[in-house]
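Residue numbers (the working numbering): 378 to 508.
This is the structure:
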């Protein structure tokens with residue numbers, strides 16, 4: 378189970394990486410059911426990315442895959458093309474969502490939005506590794 382204390386630690390690690398790369402971010406953590414545990418919006422992070430970060434976390438948990446990888450599989454002609462239209466529009470198919478794994482089991486996910494796809498993924502990865 379992912380606790381609020383875990384979510385705070387994960388967000389803290391992601392926030393630190395955001396500071397290191399000088400890119401303010403929105404950072405969300407969801408539990409194993411895809412429900413929001415915690416979210417922060419760093420100073421000067423885009424308000425439009427609040428929703429995106431939460432949906433990236435949900436997407437990553439819903440499909441137990443990074444959104445970066447899901448994006449590759451969801452391009453025209455690939456096996457998951459059109460998946461972004463599922464789940465009442467909650468599916469995000471660009472980098473920044475990563476499952477949180479503990480003892481080989483997915484226990485939640487992190488979603489990050491506010492920079493480039495590479496930056497979002499890098500910050501999410503730092504958070505996911507803090508478990």
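Just so you know, even glycine gets a beta-carbon here, dropped at the ideal spot from N, CA and C.
Query: Compute the beta-carbon to beta-carbon distance between residue 443 and residue 405, rounded to the nearest angstrom, for a pair I have assumed lies under 8 Å.; Result: Between residue 405 and residue 443 the Cβ distance is about 15 Å, and since that is not below 8 Å, they are no contact.
Query: What does DSSP give as the partner residues of residue 479 in its beta bridges?; Result: 482
Query: Given that a residue counts as buried once 16 or more other Cβ atoms are within 10 Å of its Cβ, and exposed if not, what is residue 453?; Result: exposed
Query: Comparing C-alpha positions only, which one of 459, 418, 381, 378 sits nearest to residue 392?; Result: 418
Query: Opposite residue 450 in the DSSP bridges: which residues?; Result: According to DSSP, residue 450 bridges with nothing at all.
Query: Three-state secondary structure (DSSP) at residue 383?; Result: helix
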